[in-house]
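Below: one structure, written as structure tokens.
Numbering (this note's numbering), first residue to last: 151 to 326.
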């Protein structure tokens, strides 16, 4: 049976967390911290792409993690246009959203971009995002704000919320 690994990338405002999994088991976990001075060099968040990608590659090389077994690279979903919860392969339209930031600029926008760049350099690897912060599953009544000119937008830590909900549902033997 072929060994398949997953590289998870979680870019945040002051760090980039990475992990390599064999199935559900983490085999390498690293929190790469970024100083304000390092990040101040970049005018926009998207300008940090090459910098953060190279740090990830350097950490994987230093840990002697062979990338020829990595078949999926999953980046933290950024501020793309609102979508349903799920796993999405990074495509050109998503890349345009992540670069142009129509929903806002945030370090999480780098997740899909870094994932796609790394996947492009590996044989048979694909890039994905999962449950980005713009997951929109609100009922229409939940959009009401109390002012007729404003509607509530769905922006939250969907990845965390969904993971905790799935874990709890499994513990109490319920479907989520």
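Backbone N, C-alpha and C fix where the C-beta goes; we use that ideal spot for every residue, glycine too.
Going straight from the alpha carbon of residue 312 to that of residue 281, what length do you get?
Rounded to the nearest angstrom, the two C-alpha atoms are 8 Å apart.
Please tell me whether residue 265 and residue 224 are closer than 9 Å, where the distance is taken between their beta carbons.
Yes, Cβ-Cβ distance for residue 265 and residue 224 is below 9 Å.
Which residues does DSSP pair with residue 239 in a beta bridge?
Looking at the DSSP assignment, residue 239 forms a beta bridge with 278.
Compute the Euclidean distance between the alpha carbons of residue 267 and residue 322, then round it to the nearest angstrom.
Going from the Cα of residue 267 to the Cα of residue 322 covers about 39 Å.
Is it the case that the stretch 256 to 265 contacts the stretch 152 to 162, given that we only count it when at least three CB pairs across the two stretches are under 8 Å?
Note that the stretch 152 to 162 touches the stretch 256 to 265; at least 3 beta-carbon pairs, one per stretch, sit closer than 8 Å.
Just to confirm, are residue 239 and residue 192 a CB contact at a threshold of 9 Å?
Going by C-beta atoms, residue 239 is not nearer than 9 Å to residue 192.
Use the C-beta contact count for residue 172: other C-beta atoms within 10 angstroms, 16 or more gives buried, fewer gives exposed.
For residue 172, the number of other beta carbons within 10 angstroms of its own is below 16, and it is reported as exposed.
What did DSSP end up calling residue 155 once you bin it into helix, strand or coil?
In the structure shown, the three-state DSSP call for residue 155 is strand.
Over what stretch of residues does the alpha helix (DSSP H) that includes residue 207 continue unbroken?
Per DSSP, the continuous alpha helix (DSSP H) segment holding residue 207 begins and ends at 199 to 212.
Under a three-way DSSP split, which group does residue 219 fall into?
Looking at residue 219 - three-state DSSP - the assignment turns out to be helix.
According to DSSP, residue 192 sits in a beta bridge with which residue or residues?
DSSP, once it has assigned bridges, lists no residue as partnering residue 192.
Once DSSP output is grouped into helix, strand and coil, what is the label at residue 226?
It is a strand residue.
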